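Before any comments, here is the structure.
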Amino acid sequence: MRTVNKKPFLHAWLPVAAIALLMNGCTSGLSDQEGPANDDSKRGEPPRKISIAINGQSSTFPPGLDENNNPYLDYIEKNTNLDIQVMLPPANGYVDKLNVIMASGQLPDMINTGSAAFLSTYVKQGALKPLNEYIDKYGPDLKRLIPQEAWDQVTMNGNIYAIPSLNEVMGTQIMYVRKDWLDRLGLKPPRTLDEYKEVMRAFAKNDPDGNGKDDTIGFSITDQLGRTAPIFGAFGTQQNSWYERNGKLVYSATLPETKEALAFLAELYRDHILDRDFPLNKAENLGDKVASGKVGLYSAAWFDTRGPIELSRRNDPKANWIPLEYPTGKDGQKGTYSISSVRSYNVVPATSERTEEVVKLLNFIGGQGNQTLKLGFENEVWSIQDGKMVADFEAHNKHLYRGIYSSLCDTVVPEVTKRRLDSLGEHFHLWDNVQRIHANLIKAQFNGAPTPAMGNYNFKLLKIQDDAFTKIVMGLSPLDEFDRFVEVWRQEGGDEITKEINDWYKADHR
Numbered sequence: 110m111r112t113v114n115k116k117p118f119l120h121a122w123l124p125v126a127a128i129a130l131l132m133n134g135c136t137s138g139l140s141d142q143e144g145p146a147n148d149d150s151k152r153g154e155p156p157r158k159i160s161i162a163i164n165g166q167s168s169t170f171p172p173g174l175d176e177n178n179n180p181y182l183d184y185i186e187k188n189t190n191l192d193i194q195v196m197l198p199p200a201n202g203y204v205d206k207l208n209v210i211m212a213s214g215q216l217p218d219m220i221n222t223g224s225a226a227f228l229s230t231y232v233k234q235g236a237l238k239p240l241n242e243y244i245d246k247y248g249p250d251l252k253r254l255i256p257q258e259a260w261d262q263v264t265m266n267g268n269i270y271a272i273p274s275l276n277e278v279m280g281t282q283i284m285y286v287r288k289d290w291l292d293r294l295g296l297k298p299p300r301t302l303d304e305y306k307e308v309m310r311a312f313a314k315n316d317p318d319g320n321g322k323d324d325t326i327g328f329s330i331t332d333q334l335g336r337t338a339p340i341f342g343a344f345g346t347q348q349n350s351w352y353e354r355n356g357k358l359v360y361s362a363t364l365p366e367t368k369e370a371l372a373f374l375a376e377l378y379r380d381h382i383l384d385r386d387f388p389l390n391k392a393e394n395l396g397d398k399v400a401s402g403k404v405g406l407y408s409a410a411w412f413d414t415r416g417p418i419e420l421s422r423r424n425d426p427k428a429n430w431i432p433l434e435y436p437t438g439k440d441g442q443k444g445t446y447s448i449s450s451v452r453s454y455n456v457v458p459a460t461s462e463r464t465e466e467v468v469k470l471l472n473f474i475g476g477q478g479n480q481t482l483k484l485g486f487e488n489e490v491w492s493i494q495d496g497k498m499v500a501d502f503e504a505h506n507k508h509l510y511r512g513i514y515s516s517l518c519d520t521v522v523p524e525v526t527k528r529r530l531d532s533l534g535e536h537f538h539l540w541d542n543v544q545r546i547h548a549n550l551i552k553a554q555f556n557g558a559p560t561p562a563m564g565n566y567n568f569k570l571l572k573i574q575d576d577a578f579t580k581i582v583m584g585l586s587p588l589d590e591f592d593r594f595v596e597v598w599r600q601e602g603g604d605e606i607t608k609e610i611n612d613w614y615k616a617d618h619r
């Protein structure tokens, strides 16, 4: 058996698209069947050809391997009796490339996309196959492991048009602070929004690192007001969600609570507490500032304890990071955003004659093959030692590409997720972070399939929203510009979306 390396592995900080790769160690706990998984191979029938276009998530392959030549694809093909041709459109501009494929006339048998708008658009055009009868006949594990809430999000006019892949973690953000900075300045861990503002101000103004330089940031976020969920939560709302108000669903970005949150952030920016360069920050930039000791308070991704926070500790042994309670607003409100239970959609173009094979493929990935595809090969990527799962991080890293297959049909069993997360290093507190997030979710109240108007207008409306909100926070537009934004949002398609959302809401609550 391979010697297991117990040294913690750092992914550094992961972009959202790579969360699936970090989580590809989380298994449904089902037993693999190493023998043939269907009757075709038992009868000695030749493999059936199938082509799939999937998101490579910027994965790299070990030398000599690629998306069509590796042991994980071999494992899938052996157990499904399929001959699979994998297409990996570029990760940058992935949806644009899928649109080109859809218009080309040379379509694969299956396309994986994380875009709800893509699903909505091509259902409306009649370009995708309904999958109900195929799932009933060839997808027993899909029916058993995927909850109705997820099926509802891919059902339109009574037909299922996609097989969903699930999110294992239902939110992302959790507040973290450097306790050594708090202690140096004689501050306690903040709980209320006002206490948070006091700490942010002190971190920006009072030299918390003690180097005699004005080089620290009170609070840092990313572009498009990313990593602000706990701030919006203190006002009882989140960005880009739908909430019930007076019996109807309304878009969160149009609520007065959102205007209050923008005013709070604008005050921080005006007072040089909020990172002046936030419109240029991506997750990587924010991670650099955390790791280099410029930031001591921020809304971390739950996996950042294995990335920028751990690098901060390595760069400065005095750096003592602790999680915080979510900031509580004046009305006792707090929390973070809840993401959809569905991460991505697997659709079958109407031109395909391999729908049965697609469903069998996904049924295997989400069912019998789930454990091996998500954890990697036992005694090569992981092993059981003293009753605990222990990862060989070198092999784990080398085999990360398996996530492009396992993430096609993720399923969720919390107790196994915990065991796997702990195997990545209990001192990173990954499971604790996830539990804290799950206990503080502000859940959106629209969880249906994307409506036609959303497909038509969402991209444009989000661009209008991002521009308006960023300018308000930076002081380039007055706060009252928010009211103008709401008018524009309604006129440019928002009213049409709202009507469709509420038609769904009424039907769903009859």
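110 is the number of the first residue of the sequence shown in my numbering; add one for each residue after it. Even for Gly, the Cβ is constructed at its ideal location relative to N, Cα and C. Just so we're clear, the structure is a prediction, and the values are computed from it rather than from any experiment.
- Its chain contains Val195 as the residues whose beta carbon lies nearer than 6 angstroms to that of asparagine 177, once the 5 sequence neighbours on both sides are disregarded; these appear in chain order.
- About 29 angstroms separates the beta carbons of isoleucine 581 and tryptophan 411, which is beyond the 8 angstroms limit, so they are not a contact pair.
- The Cβ-Cβ distance between methionine 279 and histidine 538 does not fall below 9 angstroms.
- With fewer than 16 neighbouring CB atoms inside 10 Å of its own CB, glutamine 215 falls in the exposed class.
- Residue burial annotation: aspartate 250 is buried, with at least 16 other C-beta atoms found within 10 angstroms of its C-beta.
- According to DSSP, methionine 284 shares a beta bridge with Ser408.
- For alanine 343, the closest of Val232, Asn355 and Asp303 by C-alpha to C-alpha distance is Asp303.
- Restricted to the region 434-478, the alpha helix (DSSP H) segments that are unbroken, complete and at least 4 residues in length are 464-475, listed in chain order.
- Around the Cβ of threonine 460, a 10 Å sphere holds fewer than 16 other Cβ atoms; the residue is exposed.
- A buried status is given to alanine 400, since no fewer than 16 other beta-carbon atoms sit within 10 Å of its beta-carbon.
- Residue state for glycine 512 is assigned as helix, using DSSP reduced to three classes.
- Contact between the region 158-166 and the region 507-521 is established, with three or more Cβ pairs separated by less than 8 angstroms.
- In the three-state reduction of the DSSP assignment, leucine 294 falls in the helix class.
- When DSSP assignments are scanned along the region 303-353, the uninterrupted stretches of alpha helix (DSSP H) that are 4 or more residues long and fall wholly within it turn out to be 338-342.
- Counting every other CB atom within 10 Å of its CB across the protein chains shown gives valine 457 a total of 16 or more, marking it as buried.
- Listed in chain order, the alpha helix (DSSP H) elements of length 4 or more contained wholly in the region 158-192 are 180-189.
- Boundaries of the beta strand (DSSP E) around lysine 497: 497-500.
- Glutamine 494 carries a strand assignment under DSSP once its states are collapsed to helix, strand and coil.
- Membership of tyrosine 270 in any alpha helix (DSSP H) is not indicated, and neither H nor E is assigned to it by DSSP.
- Within the model, the alpha-carbon separation for asparagine 455 versus histidine 508 is close to 23 angstroms.
- Using a Cβ distance threshold of 9 angstroms, glycine 602 and leucine 550 do not count as a contacting pair.
- One alpha carbon belongs to isoleucine 269, the other to phenylalanine 555, and they sit about 18 angstroms apart.
- Below 8 angstroms, enough C-beta pairs join the region 336-351 and the region 361-375 to call them touching: three or more.
- Secondary structure note for asparagine 429: it is in no beta strand (DSSP E), with a DSSP letter that is neither H nor E.
- Looking from the CA of aspartate 324, the closest CA among Ala616, Asn567, Lys403 and Arg599 belongs to Lys403.
- Separation of the CB atoms of leucine 517 and asparagine 188 is rounded to 15 angstroms, and the pair is thereby denied contact status at 8 angstroms.
- Assignment of beta-bridge partners to glutamine 574 by DSSP yields no partner.
- Under the three-state reduction of DSSP output, glutamate 393 falls in the helix class.
- According to the DSSP assignment, leucine 377 belongs to no beta strand (DSSP E) but to the alpha helix (DSSP H) extending over 365-379.
- Secondary structure note for methionine 219: its beta strand (DSSP E) is the uninterrupted segment 219-222.
- Serine 450 and tryptophan 260 have their C-alpha atoms roughly 10 angstroms apart.
- Residue pairing for glutamine 194: DSSP places it in a beta bridge opposite Ser160.
- Rounded to the nearest whole angstrom, the C-alpha separation of isoleucine 606 and lysine 572 is 16 angstroms.
- According to DSSP, residue pairing for valine 359 in a beta bridge involves Tyr352.
- Comparing alpha-carbon positions, the option among Pro180, Leu240, Ser453 and Phe227 lying closest to arginine 463 turns out to be Leu240.
- Within 10 angstroms of the beta-carbon of alanine 616 lie fewer than 16 other beta-carbons, which makes it exposed.
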